[in-house]
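Written out below as structure tokens is the structure these notes cover.
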Amino acid sequence: MNVLNVKPRLLLGPGPSPVPFTVRRAMSEPVIGHMDPQFFAIVDEVQSMLRTVFGTANRLTLPVSGTGSAGMETAIVNFVEPGDTVIVVVAGVFGGRIAEAVDKIGAHAVRLEVPWGQSASLEQLKSLLREHPETRLVAVVMAETSTGVLQPLTGWAHEVHRMGALLLVDTVTSLGGMPVDVDTQEFDIVFSGTQKCLSAPPGLSPFTVSERALERLDQRATPVPSWYFDIAAFRHYWGQNRVYHHTAPISMIYGLHEALRLALEEGLNERYARHRIVAGALWAGLQAMGFELLVDPAIRLPSVTTVRIPLEVDERRVRAELLDYDGIEIAGGLGNLSGKIWRIGVMGHGARLPNMIQLLVALRQRLVNQGRDVPSGVAAAEAAYRANNRQGAK
Ligand SMILES: *Cc1c(COP(=O)(O)O)cnc(C)c1O
24 MNVLNVKPRL LLGPGPSPVP FTVRRAMSEP VIGHMDPQFF AIVDEVQSML
74 RTVFGTANRL TLPVSGTGSA GMETAIVNFV EPGDTVIVVV AGVFGGRIAE
124 AVDKIGAHAV RLEVPWGQSA SLEQLKSLLR EHPETRLVAV VMAETSTGVL
174 QPLTGWAHEV HRMGALLLVD TVTSLGGMPV DVDTQEFDIV FSGTQKCLSA
224 PPGLSPFTVS ERALERLDQR ATPVPSWYFD IAAFRHYWGQ NRVYHHTAPI
274 SMIYGLHEAL RLALEEGLNE RYARHRIVAG ALWAGLQAMG FELLVDPAIR
324 LPSVTTVRIP LEVDERRVRA ELLDYDGIEI AGGLGNLSGK IWRIGVMGHG
374 ARLPNMIQLL VALRQRLVNQ GRDVPSGVAA AEAAYRANNR QGAK
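For the sequence shown, the working numbering begins at 24 and goes up steadily by one.
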């Protein structure tokens, strides 16, 4: 067996995103015990930095061991009981997964179906809440990675709380790339992932829970149907008592520590502006090349751009050649949008102008290889970047 020798890639898909050198270096720090006071000091800092990035003072703020989906699982098994009605916004693959997870534990997912590429309205939510006053929880994806849509959530918590329900928000592709503002928006249960806009490797799911939701946890009529993801069991490790539940993924925590430190060192507002400005440059470049973007600018995500693929293009060949010849990864569409769109990530460390220029140049060459005459998008991307950087950065 040979020692691993992995070719680096420029990760411009919908995650994982490029991991900065210092994050990888942090992960190679010595592995110590999960009950070592030295490690607890690191855990404290991670929790404190997570609160800042989430925009919350929630006591229960921690990284769940596992990828983003582990955070979803934790949210569902703890805050939903068999027989509960849960309204789930399904505007893409990730909303669909939440609905499935709800159904799997014997609760009833009422799906608020939205055409892919669009967002749900507050009016739709209100009318569904009136139809189902027994609703215990409303679940919604803030940044739908399968479509590139940013779901506006202004006023949602108010409506949900008025009905005595809780608001669960998937922030996997938003946290670190745009404001999440858990406390101001009054979200109750929020999960995220490390490999999207935070630019750490996959493996942890930042998670936070409001006091209101914690009360619900105390009132459960049935036991939590999971051992690993039972908040009441694992929260003591992350609280004052430091009781062992499962071994914390030590090196992953080091990596998240450095990723969060980098985000705060940059400044959150500067980081969000960088995502917007670099995404704007990508959009201008793609449009100059003649591409149409799937999502209306008002609800277009900075972190994932979805591009319609012209019918004549062999899209699999384009992606394969981008990977082989250019070392660049982008992704195709999921589900309904498979074969119809590409998904380009503008995430975390990867959200930089030179990366976008590199992609635009390479993409053009891949299309030229298929006999298509495509104009360059570079000048348009650079012009948009200059214009937005001047007005937008401050
Ligand atoms: C990536 C993603 C997930 C799933 O996270 P994993 O880390 O793949 O388990 C969930 N929701 C959204 C919106 C995502 O983009």
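In this text, a Cβ means the ideal position worked out from N, Cα and C, and glycines have one as well.
- For P86, the beta-bridge partners assigned by DSSP are P229.
- E234 and L383 have their alpha carbons spaced roughly 46 Å apart.
- Restricted to the segment 182-208, the alpha helix (DSSP H) segments that are unbroken, complete and at least 4 residues in length are 205-208, listed in chain order.
- Not a single heavy atom of ligand 1 lies less than 7 Å from the C-beta of Q70.
- For E136, the enclosing beta strand (DSSP E) begins and ends at H131 to E136.
- At a Cβ-Cβ threshold of 8 Å, L317 and R339 do not count as neighbours.
- V103 and L160 have their C-alpha atoms roughly 8 Å apart.
- Residue range I212 to F214 is occupied by the beta strand (DSSP E) that includes F214.
- H259 counts as exposed, since fewer than 16 other C-beta atoms from the protein chains shown sit within 10 angstroms of its C-beta.
- Out of I367, N392, A385 and L390, the CA that lies nearest to the CA of T196 is found in I367.
- Bounds of any beta strand (DSSP E) do not take in T97; it lies within the alpha helix (DSSP H) bounded by G91 to F102.
- With 16 or more other Cβ atoms inside 10 Å of its own Cβ, R389 counts as buried.
- Rounded to the nearest whole angstrom, the C-alpha separation of M275 and S51 is 10 Å.
- The beta carbons of V76 and A302 sit no closer together than 8 Å.
- Spatial neighbours of E136 in its own chain (CB-CB distance under 6 Å, excluding positions within 5 residues in sequence) are listed in chain order as V113.
- In this structure the segment 150-159 does not lie against the segment 194-212, because fewer than three pairs of beta carbons, one per stretch, are closer than 8 Å.
- W365 carries a strand assignment under DSSP once its states are collapsed to helix, strand and coil.
- In this structure, the beta-carbon distance from L33 to E352 falls below 8 Å.
- Beta bridge pairing from DSSP links L316 with V330.
- Linking P86 to L227 through their CA atoms gives a straight-line distance of about 6 Å.
- According to DSSP, A410 shares a beta bridge with no other residue.
- Taking a C-beta distance under 8 Å as the contact criterion, D206 and G394 do not qualify as a contact pair.
- In this structure P224 is buried. Its beta-carbon is surrounded by 16 or more other beta-carbon atoms within 10 angstroms.
- The closest CA to that of V213, considering only S92, S222, V232 and G199, is found on V232.
- DSSP lists no bridge partner for L309.
- Judged by their CB atoms, G358 and I364 are not nearer to each other than the 8 Å cut-off.
- In the assembly as shown, H280 is a buried residue. Its beta-carbon has 16 or more other beta-carbons within 10 Å.
- With 16 or more other CB atoms across the displayed protein chains lying within 10 angstroms of its CB, V183 is buried.
- In the three-state DSSP reduction, E335 falls in the coil class, being neither helix nor strand.
- Under the three-state reduction of DSSP, L360 is assigned to helix.
- Membership of T158 in the beta strand (DSSP E) is indicated by the continuous run T158 to V164.
- In this structure Y277 is buried. Its beta-carbon is surrounded by 16 or more other beta-carbon atoms within 10 angstroms.
- Judged by DSSP in its simplified three-state form, V397 adopts coil rather than helix or strand.
- Under the DSSP assignment, V66 falls in the alpha helix (DSSP H) whose first and last residues are P60 to F77.
- The Cβ neighbour count for N81, taken over all protein chains shown within 10 Å, is at least 16; the residue is labelled buried.
- In this structure, DSSP gives G355 an extended state, which the three-state scheme calls strand.
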